[in-house]
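Residue numbers (the UniProt record's numbering): 1 to 513. Note that the Cβ used here is the ideal one computed from N, Cα and C, for glycine as well. Just so it is clear, the structure is predicted and the values come from calculations on it, not from any experiment. The block underneath contains the structure these notes are about, expressed in structure tokens.
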């Protein structure tokens, strides 16, 4: 992708100054809460995911529900899109989604063998390939993964019944009937001793067969597969393979490979559990398949490292192909060093060449062809460094923020506290470091973090390392302290357009540029 061409001296670079910062605008909000409204724990959104073409969006919450939204603004332009492209006429659409359906994906469970409660909270959602007009997606809580099929079903009704409501009188005889019941004698078992019943001449002209008709269509969600009993620890990641047939699931110590059609067994491909648990030094925090190479995947650890593995090398991929680790600054080690270095999320760029990771303090962009260090570092929480003790006391230091990349690879985004999220430009020369608030006025806090020029940290093999967006203030533009109870953990970037969906508690906000 053009935005990463700066990594190599032999290739052309982007124009000096990089791309212009985007002007973000509010699009929609679902589940907006009123002032003073109490938020139910089960309504808090815990997962967000666009499907491959961006026409559908899925969210999961702590109550085990999955809610689907579908895009509506493209439907009016489907027939004329090709003609407009031929005319080189831009299609300026306002991204709009609408509620499609929802279903209960997971229920709370109890593991009697371990005396452990299993929450219904949805940890991850991943879309699968659509087929025959049906949508397929994977959802998981801490222990169980489910494959769901969502499809429109026609509701069939029986019509043209022989009962005429205008002539019916309760359960009695039909008014105007030629059948006389007065002369009939009934016996105890319900039989009739009279044999004077006869059909009128010509039969019953009004008698006809009922007809089954389809009046409307309803969306039906049906669980097709349940993948369970494969993880002793909490599942933190699931990821679809590009082959469309398999997926992986990862917990703290293991990564398993599944076939979508087989729920009774899985193959353990990574196992970092030591023989003695006292020797355990790091755990798996996130895992994702390469977007185009079905044999490659990457997983991150609590020590801030990323391992790239090739499943062609061996059945058990405990030995990595490449190891990516950041260099620790001399004299900077402290009690919190390993805690804030733990990677909470990992994402491949669309081209598969670059990996984006999020730890507590920063976003880092890595080139899979260069394992000496990240090609760019974006400061997100540098202003919190003096407050690490307080954050440790209230457990905020263990918050797991997600990250995402734009479809063209020009920008990256991640969440923060006070329901803020940040967008950084990653093309050469870009100084874009925008702070937005999850509200109807996203630019309200722009004064809090203005864009700052990137500063070079040195050259290594033609690679310019950059630290961008450093912000040392602990207050917003209005002088208010940051609210560490309002955290924007989950967000997703539309795969083809500059549109972001993010979750602020139980509300889903959408923005476009």
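Strictly under 8 angstroms for the Cβ-Cβ distance: is residue 281 near chain D by that measure?
Of the protein chains in the structure, only one exists, and it is not chain D.
In this structure, how does DSSP classify residue 392 when only helix, strand and coil are distinguished?
Along the chain shown, read from residue 1 onward, the residue named residue 392 stands at position 392. DSSP places residue 392 in helix when its eight states are reduced to three.
Tell me the start and end of each unbroken beta strand (DSSP E) in the stretch 265-289 that is at least 3 residues and wholly inside, in chain order.
Counting whole runs of 3 or more residues, the stretch 265-289 contains the beta strand (DSSP E) stretches 284-289.
Would you grab the beta carbon distance between residue 363 and residue 403 for me? Rounded to a whole angstrom, and I think it's under 8 angstroms.
Start at 1 with the first residue of the chain shown, and residue 363 comes out as number 363. Start at 1 with the first residue of the chain shown, and residue 403 comes out as number 403. The beta carbons of residue 363 and residue 403 sit about 6 angstroms from each other, so the pair counts as a contact at 8 angstroms.
Three CB pairs or more closer than 8 angstroms across the stretch 339-359 and the stretch 311-318
Verdict: no, contact absent.
Looking at C-alpha atoms only, which residue of 486, 512, 494 and 392 is the closest neighbour of residue 442?
Locating residue 442 in the chain shown gives position 442, counting from the first residue. The residue with the shortest Cα to Cα distance from residue 442 is 512.
Whole-angstrom Cβ separation of residue 294 and residue 243, contact assumed at under 8 angstroms?
Against the chain shown, residue 294 aligns to sequence position 294. Against the chain shown, residue 243 aligns to sequence position 243. At roughly 4 angstroms, the Cβ-Cβ gap stays under 8 angstroms, so residue 294 and residue 243 are in contact.
For residue 409, which option in 379, 498 and 123 has the closest C-alpha, if you only look at C-alpha atoms?
Here residue 409 is taken as the residue at index 409 of the chain shown, counted from 1. Ranked by how close their Cα comes to the Cα of residue 409, the residues 379, 498 and 123 have 498 in first place.
Residue 226: which of 143, 267, 209 and 252 sits nearest, CA to CA?
Taking the chain shown and counting its residues from 1, the one referred to as residue 226 is at position 226. Considering only alpha carbons, the answer is 143.
Straight-line Cα distance separating residue 228 from residue 221
For the purposes of this step, residue 221 is identified with residue 221 of the chain shown, where counting begins at 1. For the purposes of this step, residue 228 is identified with residue 228 of the chain shown, where counting begins at 1. Rounded to whole angstroms, residue 221 to residue 228 spans 20 angstroms at the Cα level.
Could you spell out where the alpha helix (DSSP H) holding residue 201 opens and where it closes?
In the chain shown, residue 201 corresponds to position 201, counting from 1. Element bounds for residue 201: n/a, residue is neither H nor E.
Bridge partners for residue 400 per DSSP, in chain order?
Looking up residue 400 in the chain shown gives position 400. Among the bridge pairs identified by DSSP, residue 400 is matched with none.
Is it a yes or a no for the stretch 27-36 touching the stretch 479-495, going by three-plus beta-carbon pairs under 8 angstroms?
Touching, no, given that fewer than three Cβ pairs across the two stretches are closer than 8 angstroms.
Report the three-state DSSP secondary structure of residue 450 (helix, strand or coil).
Mapped onto the chain shown, residue 450 falls at position 450. With a pLDDT of 38 at residue 450, under the threshold of 50, the modelled position of this residue cannot be trusted, and the question is left open.
Kindly list the residues whose CB is nearer than 7 angstroms to the CB of residue 112, restricted to its own chain and excluding five residues on each side of it in sequence; keep chain order.
For the purposes of this step, residue 112 is taken as the residue at position 112 of the chain shown. Closer than 7 angstroms at the Cβ level, and outside the excluded window around residue 112, lies no residue.
Answer yes or no: do residue 344 and residue 358 have a C-beta to C-beta separation smaller than 8 angstroms?
For the purposes of this step, residue 344 is taken as residue 344 along the chain shown, with counting starting at 1. For the purposes of this step, residue 358 is taken as residue 358 along the chain shown, with counting starting at 1. The answer is yes: Cβ separation under 8 angstroms.
State the beta-bridge partners of residue 126 as determined by DSSP.
For the purposes of this step, residue 126 is taken as residue 126 along the chain shown, with counting starting at 1. As computed with DSSP, residue 126 is found in a beta bridge with 138.
Taking only three categories from DSSP, how would you classify residue 222?
Working through the chain shown from its first residue, we reach residue 222 at position 222. DSSP places residue 222 in strand when its eight states are reduced to three.
How would you write the range of the beta strand (DSSP E) that residue 309 sits in, first residue to last?
Locating residue 309 in the chain shown gives position 309, where the first residue counts as 1. That run of the beta strand (DSSP E) goes 306-310.
Simplified DSSP assignment, three categories, for residue 8
As a working mapping, residue 8 is identified with position 8 in the chain shown. Here the model assigns residue 8 a pLDDT of 34, short of 50, so the residue's position is not dependable, and the following value carries that caveat. In the structure shown, residue 8 sits in coil (DSSP, three-state: anything other than H, G, I, E or B).
The stretch 58-67 touching the stretch 100-114, judged by at least three CB pairs closer than 8 angstroms
A contact between stretches requires three or more CB pairs, one per stretch, nearer than 8 angstroms, and the stretch 58-67 meets this requirement with the stretch 100-114.
Less than 8 angstroms separating the beta-carbons of residue 368 and residue 303?
Numbered from its first residue, the chain shown carries residue 368 at position 368. Numbered from its first residue, the chain shown carries residue 303 at position 303. Cβ atoms of residue 368 and residue 303: not closer than 8 angstroms.
Specify the secondary structure class of residue 443 as computed by DSSP and reduced to three states.
Counted from its first residue, the chain shown places residue 443 at position 443. Reduced to three states, the DSSP call for residue 443 is helix.
Return helix, strand or coil for residue 383, following the three-state DSSP convention.
On the chain shown, position 383 is the one that residue 383 refers to. Residue 383 carries a helical assignment under DSSP once its states are collapsed to helix, strand and coil.
Quick check on the burial criterion: 16 or more other C-beta atoms within 10 angstroms. Buried or exposed for residue 23?
Counted from its first residue, the chain shown places residue 23 at position 23. Looking at its Cβ environment, which holds fewer than 16 other Cβ atoms inside 10 Å, residue 23 is exposed.
Cβ of residue 300 within 8 angstroms of Cβ of residue 286?
The sequence position of residue 300 within the chain shown is 300, counting from 1. The sequence position of residue 286 within the chain shown is 286, counting from 1. Yes, these two residues count as a Cβ contact at 8 angstroms.
Counting C-beta neighbours from all protein chains within 10 Å, is the total for residue 114 16 or more, i.e. buried, or is it exposed?
Position 114 of the chain shown, counting from 1, holds the residue named residue 114. Flag for residue 114 reads exposed.
Nearest candidate by alpha-carbon position, reference residue 251, set 268, 47, 510 and 426:
Looking up residue 251 in the chain shown gives position 251. Ranked by Cα distance from residue 251, the first of 268, 47, 510 and 426 is 268.
In the DSSP assignment, what residue or residues form a beta bridge with residue 507?
Translated into the one-based positions of the chain shown, residue 507 becomes position 507. Note: residue 507 is bridge-paired with 504 in the DSSP secondary-structure output.
To which residues does DSSP link residue 57 through a beta bridge?
Within the chain shown, the letter at position 57 stands for residue 57. The beta-bridge partner set that DSSP reports for residue 57 consists of 50 and 69.
Same chain only: Cβ atoms within 7 angstroms of residue 219, ignoring 5 sequence neighbours per side:
Numbered from its first residue, the chain shown carries residue 219 at position 219. Around residue 219: 100, 101, 150 and 152.
By the DSSP assignment, the beta strand (DSSP E) with residue 492 in it spans what residues?
Locating residue 492 in the chain shown gives position 492, where the first residue counts as 1. First-last of the beta strand (DSSP E) with residue 492: 490-493.
Roughly how far, in whole angstroms, is the beta-carbon of residue 47 from the beta-carbon of residue 124, given that I think they are within contact range, below 8 angstroms?
If you number the chain shown from 1, residue 47 lands on position 47. If you number the chain shown from 1, residue 124 lands on position 124. Correct: roughly 6 angstroms between the Cβ atoms.
Cross-strand partners of residue 421 (DSSP beta bridge):
Residue mapping note: residue 421 aligns to position 421 of the chain shown, counting from 1. Note: residue 421 sits in a beta bridge opposite 415 and 436.
Mapping the DSSP letters down to three states, classify residue 375 as helix, strand or coil.
For the purposes of this step, residue 375 is identified with residue 375 of the chain shown, where counting begins at 1. Coil.
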